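Asks: Following this message is one structure expressed as structure tokens.
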Amino acid sequence: MPSGIELSKNNKSQHQTSSLGNLTFQRLTRFSCRDLTLCRSNSWHTSDKVLEGLNTSLCDNTAVSRRFETRRQIAQSWPPRLGFQTLRPLHSRKLKVCKRDIVFDAEFMNALMNTFISSPHCFSVLFYFFSSCQNKRDEHLLKKRNVPQEESLEDSDVDSDFKGQNVTLDAILQNATSDNAVIQLSAVQAARKLLSIRSRNRLCVHGVVLPLFLRLLHSPHQNVCEQAVWALGNIIGDGPMCRDYVISLGVVKPLLSFINPSIPITFLRNVTWVIVNLCRNKDPPPPMETVQEILPALSVLIYHNDINILVDTVWALSYLTDGGNEQIQMVIDSGVVPFLVPLLSHQEVKVQTAALRAVGNIVTGTDEQTQVVLNCDVLYHFSNLLTHPKEKINKEAVWFLSNITAGNQQQVQAVIDAGLIPMIIQQLAKGDFGTQKEAAWAISNLTISGRKDQVKFLVEQNVILPFCSLLSVKDSQVVQVVLDGLKNIFIMAGDEASTIAEIIEECGGLEKIENLQQHENEDIYKLAFEIIDQYFSGDDIDEDPSLIPDTTQGGTFNFDPASNMQTKEFNF
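Numbering (the UniProt record's numbering), first residue to last: 1 to 572.
This is the structure in structure tokens:
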């Protein structure tokens with residue numbers, strides 16, 4: 001299933017005919033959405049035979065031939081490769097565009113399965129819809145899991161049987177219903193092995209084996225249930241369409257039934273990992289009903305003392321909070337936030353990382369949702385996060401604070417009262433570029449949201465020198481953020497604008513702004529021109545005697561603009 005899907009802005013069916021080489025089919029869009037922020041870059045590899053089968057199968061059934069209207073960029077001629085790409089920011093911000101709500105089309109899936117049964121080309125159709133490419137794996141968590149070490153011998157035997165004896169799906173299905181636990185376990189292991197084979201044998205696996213795995217979740221043999229959970233997790237990890245199809249078959253309730261004290265820790269780890277895959281992907285996000293079912297389980301698992309289970313649980317919450325304000329509110333209503341915030345100071349970095357992303361996603365919501373996190377004394381943890389030895393933690397921490405400074409004036413004051421402004425400025429000056437970029441957002445947001453006295457405090461912390469240093473970077477977005485921040489500082493300064501102008505000139509910022517009047521970006525050169533025209537033109541700035549360099553006995557000059565900036569006083 002391609003992840004770059006352009007969704008319609010209403011619930012009405014939209015028909016679009018696509019013609020790619022010899023492949024012609026229609027797609028149906030049945031979604032409700034408010035935004036079109038998508039991001040993926042994948043490609044498919046296929047064959048003429050698969051294309052021919054897909055074309056025939058889709059045209060045989062009108063219900064199936066109406067599917068998704070897609071947005072694609074053809075990288076090369078079909079069939080060798082089909083590529084598509086759309087873009088979104090890595091991180092959400094407070095003033096972001098609202099994300100969409102999506103309703104999964106279950107009627108289509110029923111029609112699709114009917115076509116699988118009736119069409120001689122069902123394998124090709126299955127390949128198209130279920131054999132999606134491997135997406136870029138999350139840095140912190142794999143969608144799929146390999147066979148554990150303790151089962152390597154058994155799986156090796158099953159693998160050799162599969163290859164040597166040509167085990168068929170019929171044999172697997174027959175053995176899976178056996179009363180013999182050993183035979184049943186071997187059957188489910190063989191079925192799971194099919195899922196990992198990168199060949200056309202995989203074309204029919206999802207459609208045939210999925211019902212088997214769902215039935216085996218109710219097996220009286222725990223090891224059989226665990227193998228079925230494992231296989232379902234890998235299928236769900238193939239992408240949002242596979243995820244939603246498995247959900248529509250009723251996987252959630254039996255899966256959550258395994259969260260109880262009698263389940264072995266290794267089994268519970270697999271169950272938690274499958275829950276993570278159910279929460280993953282926001283294009284589209286999981287159905288709201290599924291989120292409501294999963295949240296109580298996550299509220300229980302967040303107390304677990306096993307690190308792997310805890311990390312998976314927190315990442316699941318981070319995926320849910322990345323799905324828009326409605327899902328953020330559902331997570332808040334579950335009551336999990338007060339137990340999530342203390343994990344920011346957990347001794348394990350991977351727990352800290354997941355928790356920081358989860359609470360960071362929450363504060364991209366409304367001011368009221370942000371306040372819920374602040375009420376949990378979240379800012380207490382940020383002194384250590386901003387000085388953490390890992391740069392990625394620093395960057396995520398500043399990103400979090402940039403969304404707080406984009407809030408209301410009380411929330412801005414909370415950051416000031418926590419003593420975090422000097423630490424943000426330190427990251428602005430000394431951090432890696434990614435962290436500096438987030439710090440620039442934090443400062444600029446404060447100049448927009450803050451009161452005059454709050455902006456005055458910011459200037460008194462010597463923010464202008466490191467702020468102006470970013471005017472020479474190649475990232476146009478950063479340059480524009482800095483210029484916006486400087487302009488807001490000038491506006492707040494009022495009659496003291498000349499003092500701000502002096503500081504900017506002393507630290508070399510004026511020369512940088514003058515150079516930006518030649519910038520290729522129209523918004524940047526307009527901003528630069530406005531600042532020069534309003535605050536640096538003519539005789540608006542009187543000569544300051546303190547700027548005249550002192551001569552020493554040796555005939556040299558003693559000129560230290562930084563010391564002058566330290567002693568300036570402001571009265572905005």
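Glycine included, C-beta positions come from ideal geometry on N, C-alpha and C. The model shown is predicted, which means the values in this text are computed figures rather than measured ones.
In terms of residues, what are the limits of the alpha helix (DSSP H) holding N277?
Replies: 265-279
Asks: How is Q371 classed by DSSP in three states: helix, strand or coil?
Replies: helix
Asks: Among residues of its own chain, excluding the 5 on either side of E150, which ones have a beta-carbon nearer than 8 Å to its beta-carbon?
Replies: Here the model assigns E150 a pLDDT of 37, short of 50, so the residue's position is not dependable, and the following value carries that caveat. Cβ neighbours of E150 beyond the five flanking positions: none.
Asks: Using three-state DSSP, classify C242 as helix, strand or coil.
Replies: Per DSSP, reduced to three states, the secondary structure at C242 is helical.
Asks: Comparing C-alpha positions only, which one of R269, D484, Q477, G324 sits nearest to A528?
Replies: Looking at the Cα atoms, D484 is the closest of the given residues.
Asks: Return the first residue and the last residue of the alpha helix (DSSP H) that Q461 is part of.
Replies: Looking at the DSSP string, Q461 is not in any alpha helix (DSSP H), and its letter there is neither H nor E.
Asks: Return the chain-ordered list of same chain residues with a C-beta closer than 6 Å to the C-beta of T370, the five sequence neighbours on each side being excluded.
Replies: So the list reads V363, G407, once near-sequence residues are dropped.
Asks: Determine the burial state of F130: buried for a count of at least 16 other Cβ atoms within 10 Å of its Cβ, exposed for fewer.
Replies: In this predicted model, F130 has a pLDDT of only 39, less than 50, meaning its place in the structure is not dependable; the value taken from the coordinates is given anyway. With 16 or more Cβ atoms within 10 Å of its Cβ, F130 is classed as buried.
Asks: Would you check if the distance between the CB atom of V188 and the CB atom of L216 is smaller than 8 Å?
Replies: yes
Asks: Using C-beta distances below 8 Å, list every residue in its chain close to I393, excluding the 5 sequence neighbours before and after it, in chain order.
Replies: V349, Q352, T353, L356, L385
Asks: Buried or exposed: S345, going by 16 or more other Cβ atoms within 10 Å of its Cβ?
Replies: exposed
Asks: Whole angstroms are fine: how far does the CA of R451 sit from the CA of V274?
Replies: 47 Å
Asks: Curious, which full-length alpha helix (DSSP H) runs of at least 4 residues does the segment 390-433 contain?
Replies: Secondary structure within the segment 390-433: the alpha helix (DSSP H) runs of 4 or more consecutive residues, fully enclosed, are 391-404, 409-417, 421-430 (chain order).
Asks: Using 8 Å for Cβ pairs, my map puts V412 next to L446. What's the rounded Cβ distance?
Replies: 6 Å
Asks: Report yes if the CB atom of P389 is closer than 8 Å to the CB atom of A429, and no otherwise.
Replies: no
Asks: Below 8 Å on the Cβ atoms is my guess for I504 versus I464; work out the distance and round it to an integer in Å.
Replies: Confirmed, Cβ separation roughly 6 Å.
Asks: Please say whether L278 and R243 have beta carbons closer to each other than 8 Å?
Replies: yes
Asks: Tell me whether Y303 sits in a helix, a strand or coil according to DSSP, three-state version.
Replies: coil
Asks: To the nearest whole angstrom, what separates the beta carbons of S402 and W441, a pair I think is in contact under 8 Å?
Replies: 4 Å
Asks: What is the DSSP secondary structure of R357, reduced to helix, strand or coil?
Replies: helix
Asks: Please report the straight-line C-alpha distance between N488 and N361, rounded to a whole angstrom.
Replies: For the pair N488 and N361, the Cα-to-Cα distance works out to about 27 Å.
Asks: Starting from the Cα of G324, find the closest Cα among Q477, A358, V300 and give me that residue.
Replies: Of the candidates Q477, A358, V300, the one whose C-alpha sits nearest the C-alpha of G324 is A358.
Asks: In terms of alpha-carbon separation, which member of Q227, V229, C225, P211 lies closest to Y245?
Replies: P211
Asks: Would you call N234 buried or exposed, if buried means 16 or more other Cβ atoms sit within 10 Å of its Cβ?
Replies: buried
Asks: Using a Cβ-Cβ cut-off of 6 Å (strictly less than) and excluding sequence neighbours within five positions of W230, which residues of its own chain qualify?
Replies: N270
Asks: The alpha helix (DSSP H) that contains E520, what's its start and end?
Replies: That residue, E520, is in no alpha helix (DSSP H); it is neither H nor E in DSSP.
Asks: Give me the residue from T387, P261, A414 with the minimum Cα distance to V378.
Replies: A414
Asks: With a Cβ-Cβ cutoff of 8 Å, do V479 and I524 count as a contact?
Replies: In this structure, V479 places its C-beta atom within 8 Å of the C-beta atom of I524.
Asks: With 16 other CB atoms within 10 Å as the buried threshold, where does V209 fall?
Replies: buried
Asks: I believe L295 touches S248 by the beta-carbon criterion, under 8 Å. Please report the beta-carbon distance rounded to the nearest angstrom.
Replies: The C-beta separation of L295 from S248 comes to about 19 Å, leaving the pair out of contact by the 8 Å criterion.
Asks: So, with DSSP's three-state summary, where would you put I294?
Replies: helix
Asks: Quick one: Cα of F433 to Cα of L343, how far?
Replies: For F433 and L343, the distance between alpha carbons rounds to 27 Å.
Asks: When you compare the CB positions of D322 and K282, do they come within less than 8 Å of one another, or not?
Replies: yes
Asks: For A181, which residues from the same chain have a beta carbon less than 6 Å from its beta carbon, with the 5 sequence-adjacent residues on both sides left out?
Replies: H221
Asks: Measuring CB to CB, does I532 end up less than 8 Å from E514?
Replies: yes
Asks: Looking at C-alpha atoms only, which residue of N462, L310, P264 is the closest neighbour of T499?
Replies: N462
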